[in-house]
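Heads up: the sequence shown begins at 32 in our numbering, then just goes up one per residue.
Shown next, in structure tokens, is the structure this report addresses.
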Amino acid sequence: LRFIGMAVIAVIMSVNFMACSDDDDEDDKQSNTIIGTWEVTGDSDSDEEHNAIGEIYTFYSNGTVLNEWENDFYTYNYKLNSDNTILSIDYEDGDGYEEMYLEITDNKLMKWTYVNYEGEYLILKRIK
Numbered sequence: 032l033r034f035i036g037m038a039v040i041a042v043i044m045s046v047n048f049m050a051c052s053d054d055d056d057e058d059d060k061q062s063n064t065i066i067g068t069w070e071v072t073g074d075s076d077s078d079e080e081h082n083a084i085g086e087i088y089t090f091y092s093n094g095t096v097l098n099e100w101e102n103d104f105y106t107y108n109y110k111l112n113s114d115n116t117i118l119s120i121d122y123e124d125g126d127g128y129e130e131m132y133l134e135i136t137d138n139k140l141m142k143w144t145y146v147n148y149e150g151e152y153l154i155l156k157r158i159k
């Protein structure tokens with residue numbers, strides 16, 4: 032009788048642990064989203080006159096991004112690939128979508144590494 036009781040408890044506990052792990056994985060995927068407001072805090076451009084530090088990007092779920100730079104506002108279209116590792120923004124400069132490798136860390140920091148410009152990157156911090 033004791034053996035059967037211990038077996039039942041072991042089965043119940045293992046089902047409990049398996050149910051929790053699936054929920055945690057889903058929460059992690061949802062929390063690492065680009066949606067929100069991000070400020071550029073660092074970039075690869077050493078020229079202080081032309082760097083992007085202080086630039087603000089607000090990403091919306093409808094595929095648009097609001098860019099604020101030196102009191103000017105611009106709205107562009109963006110898209111993400113299926114696993115959220117490539118960000119593409121159409122800056123409407125006639126060149127089409129510009130692609131960046133995307134990394135988000137702890138839902139607080141984001142790094143863009145430009146696909147077509149070797150070594151160029153931006154570091155952004157979530158502010159909203």
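We put the CB at the ideal spot given by N, CA and C, even for glycine.
Here the alpha carbon of A41 sits roughly 12 Å from the alpha carbon of R33.
Excluding its 5 nearest sequence neighbours in each direction, G150 has C-beta neighbours in its own chain below 8 Å: S75, listed in chain order. Sequence-distant Cβ neighbours of I87 in its own chain, meaning closer than 6 Å and more than five residues away, are E70, E99. Beta bridge pairing from DSSP links E70 with I87, K156. Listed as beta-bridge partners of I135 by DSSP are M141.
In the three-state reduction of the DSSP assignment, I120 falls in the strand class. Note on I158: under 16 other CB atoms within 10 angstroms of its CB, so exposed under the neighbour-count rule.
Taking C-alpha positions only, L140 is separated from Y152 by approximately 13 Å. Per the coordinates, the alpha-carbon of V146 lies some 7 Å from the alpha-carbon of Y132. For V96, the secondary structure class from DSSP, reduced to helix, strand or coil, is strand. Looking at K156, A38, V39, T106, the one whose alpha-carbon comes closest to that of E134 is K156. With contacts defined as CB atoms closer than 8 Å, T106 and L118 fail to qualify as a contacting pair. Counting C-beta atoms within 10 angstroms of its own C-beta, F90 has 16 or more neighbours from the protein chains shown and is therefore classed as buried.
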